[in-house]
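A.B. asks:
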Amino acid sequence: MPIRLAPGARLSEFARSTAGSLLLCWVGPALAEQPLSLGLEVTTGYDSNPAQSEAGMGLFFAQYAFDAARRMRLGGADLTFAASGWLRDYEAANDSHRLALRTDWSRATAQGAGLMTLSLAGAAYRDALVPADERDEAALTLRYDYILTARDTLGLMGETRRLAYRNASLPWSGRPGSSPRDHPSGSSNSSSNSSGRGREVEAVRRDDWLSGLGIDVTHHWSPVLATVFSLAGARRDSPVSAEAYDRHGLGLVMRIEPAASWRLELGLGWSRTRYDQAPRQQEREDIQRTLGLAVRRNLGRSEWFCGLDWLDSDSSIAGRSFRQEVTECGLAWSF
Numbered sequence: 013m014p015i016r017l018a019p020g021a022r023l024s025e026f027a028r029s030t031a032g033s034l035l036l037c038w039v040g041p042a043l044a045e046q047p048l049s050l051g052l053e054v055t056t057g058y059d060s061n062p063a064q065s066e067a068g069m070g071l072f073f074a075q076y077a078f079d080a081a082r083r084m085r086l087g088g089a090d091l092t093f094a095a096s097g098w099l100r101d102y103e104a105a106n107d108s109h110r111l112a113l114r115t116d117w118s119r120a121t122a123q124g125a126g127l128m129t130l131s132l133a134g135a136a137y138r139d140a141l142v143p144a145d146e147r148d149e150a151a152l153t154l155r156y157d158y159i160l161t162a163r164d165t166l167g168l169m170g171e172t173r174r175l176a177y178r179n180a181s182l183p184w185s186g187r188p189g190s191s192p193r194d195h196p197s198g199s200s201n202s203s204s205n206s207s208g209r210g211r212e213v214e215a216v217r218r219d220d221w222l223s224g225l226g227i228d229v230t231h232h233w234s235p236v237l238a239t240v241f242s243l244a245g246a247r248r249d250s251p252v253s254a255e256a257y258d259r260h261g262l263g264l265v266m267r268i269e270p271a272a273s274w275r276l277e278l279g280l281g282w283s284r285t286r287y288d289q290a291p292r293q294q295e296r297e298d299i300q301r302t303l304g305l306a307v308r309r310n311l312g313r314s315e316w317f318c319g320l321d322w323l324d325s326d327s328s329i330a331g332r333s334f335r336q337e338v339t340e341c342g343l344a345w346s347f
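Read in order, the letters of the sequence shown correspond to residues 13 to 347 in the working numbering.
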């Protein structure tokens with residue numbers, strides 16, 4: 013998915029103010045409690061393969077999302093309480109939804125050139141289309157952003173996340189990865205024999221740990237053009253050895269503001285996932301390539317947008333490769 017700026021934000025304004033934004037936020041007088049900020053979004057679209065299975069069926073959908081946050085000053089730091097959620101209403105009884113609560117503690121460093129943020133979050137994800145993916149989550153995230161030059165910023169991130177799956181399932185019954193919208197891949201009806209010797213495999217309920225590290229570099233080429241390059245690595249540990257994997261990936265996002273109130277975003281991504289175990293002594297390796305394109309129009313306190321996301325997943329295990337295209341348009345409001 014392309015990285016989105018807040019509704020109403022202009023890339024030129026963002027580019028010109030980046031070098032001084034952190035400093036201005038932190039050297040002023042102590043902040044009082046800030047008003048509640050609220051964002052709403054309504055989207056409609058078509059997903060060619062929402063289950064991300066080899067022979068997945070396309071579905072139309074409507075999506076409703078919200079986010080709310082309140083910030084207050086605590087000593088020399090900021091404390092933010094936030095809630096967000098979305099409901100994706102597919103055709104028939106295939107809906108999915110997610111609700112998350114988050115607390116951020118942020119503090120400036122290096123005389124305002126850096127910003128450290130520690131986040132604690134919990135989430136509940138429900139999925140009628142792929143019940144094997146339903147889970148409760150708890151996450152601890154540490155991020156550090158640093159202004160390198162007037163045009164360049166650096167971001168470092170580390171996270172550990174507990175995934176408590178609600179339903180017993182067979183190995184590889186869920187989607188094989190994760191995405192910003194928590195629509196990873198696989199089929200709810202898939203069944204794999206992890207032993208490879210014809211023995212019956214029992215469905216089990218599992219709790220996994222997903223840990224990752226990431227780095228991203230943002231460069232502002234001009235007031236109307238910026239790029240973000242990112243590298244990331246992740247490790248998932250699971251009591252079911254077939255579900256454990258190592259993943260490495262990279263991404264590139266380009267943001268362009270060709271005219272006042274208009275913004276284009278282009279995103280490219282690549283990742284490789286190596287599973288610890290596969291049936292019949294095989295090795296399972298999934299290569300995923302992503303492409304995202306979005307156009308956004310600022311309408312004051314609201315924003316109109318349309319986007320296309322394309323995903324190609326090539327697996328070394330027969331029956332695990334798939335393709336997916338998602339097209340969507342919608343409106344977002346900020347209050």
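All C-beta atoms, glycine included, are put in the ideal place defined by N, C-alpha and C.
Please classify E53: does DSSP put it in a helix, a strand, or coil?
C.D. replies: On the sequence shown, position 41 is the one that residue 53 refers to. Three-state DSSP puts E53 in a strand.
A.B. asks: Our contact map puts D164 next to V229 with C-beta atoms below 8 Å; I'd like the distance itself, whole angstroms only.
C.D. replies: One-based indexing of the sequence shown puts residue 164 at position 152. One-based indexing of the sequence shown puts residue 229 at position 217. Confirmed, about 7 Å.
A.B. asks: Taking 8 Å as the cut-off, decide whether the C-beta atoms of G224 and L243 are in contact.
C.D. replies: As a first step, residue 224 is located in the sequence shown; it is residue number 212 there, counting from the start. As a first step, residue 243 is located in the sequence shown; it is residue number 231 there, counting from the start. Contact flag unset, no.
A.B. asks: Quick one, are the C-beta atoms of V252 and V216 less than 8 Å apart?
C.D. replies: On the sequence shown, residue 252 is found 240 positions in, with the first residue counted as 1. On the sequence shown, residue 216 is found 204 positions in, with the first residue counted as 1. Against a cut-off of 8 Å, the Cβ pair of V216 and V252 comes out as a contact.
A.B. asks: For T339, which option in V54, G51 and S60 has the closest C-alpha, if you only look at C-alpha atoms?
C.D. replies: Here residue 339 refers to the residue found at position 327 when the sequence shown is read from its first residue. Selected option, being the one with the closest Cα: S60.
A.B. asks: Using a Cβ-Cβ cut-off of 7 Å (strictly less than) and excluding sequence neighbours within five positions of I329, which residues of its own chain qualify?
C.D. replies: Counting from one through the sequence shown, the residue named residue 329 turns up at place 317. Once the five neighbours on either side are set aside, the close Cβ partners of I329 are A290, Q294 and R296.
A.B. asks: What residues in its chain sit with their C-beta under 6 Å from that of L50, if we drop five residues either side in the sequence?
C.D. replies: The residue given as residue 50 occupies position 38 in the sequence shown. Once the five neighbours on either side are set aside, the close Cβ partners of L50 are A80 and F347.
A.B. asks: Applying the 10 Å Cβ sphere with the 16-neighbour rule, what's the burial state of F334?
C.D. replies: Here residue 334 refers to the residue found at position 322 when the sequence shown is read from its first residue. Classification for F334: buried.
A.B. asks: Tell me the DSSP secondary structure of R110 in three-state form.
C.D. replies: Here residue 110 refers to the residue found at position 98 when the sequence shown is read from its first residue. Looking at R110 - three-state DSSP - the assignment turns out to be strand.
A.B. asks: By DSSP, does G312 sit in helix, in strand, or in coil?
C.D. replies: Start at 1 with the first residue of the sequence shown, and residue 312 comes out as number 300. Coil.
A.B. asks: Going by Cα to Cα distance, which pick from D90, S283, G134 and T115 is closest to A9?
C.D. replies: Residue 9 lies beyond the stretch modelled for the chain, which goes from 13 to 347, so this question has no answer here.
A.B. asks: Hey, Q64 and R187 are a contact pair by Cβ (cut 8 Å); roughly how many whole angstroms apart?
C.D. replies: Here the question's residue 64 lines up with position 52 in the sequence shown. Here the question's residue 187 lines up with position 175 in the sequence shown. Right, their Cβ atoms sit about 5 Å apart.
A.B. asks: If L262 sits next to A246, beta carbons under 8 Å apart, how far is it from one beta carbon to the other, in whole angstroms?
C.D. replies: What you label residue 262 is simply residue 250 of the sequence shown in a count that begins at 1. What you label residue 246 is simply residue 234 of the sequence shown in a count that begins at 1. The pair is not a contact, with the Cβ atoms about 13 Å apart (cut-off 8 Å).
A.B. asks: Apart from the five residues on each side of it in sequence, which residues of its chain come closer than 8 Å, Cβ to Cβ, to E146?
C.D. replies: Here residue 146 refers to the residue found at position 134 of the sequence shown. Answer for E146: Y137, R138, D139, Y177, R178 and N179, listed in chain order.
A.B. asks: Starting from I329, follow its DSSP beta bridges and name the residues at the other end.
C.D. replies: Mapped onto the sequence shown, residue 329 falls at position 317. Answer is none; I329 lacks a bridge partner.
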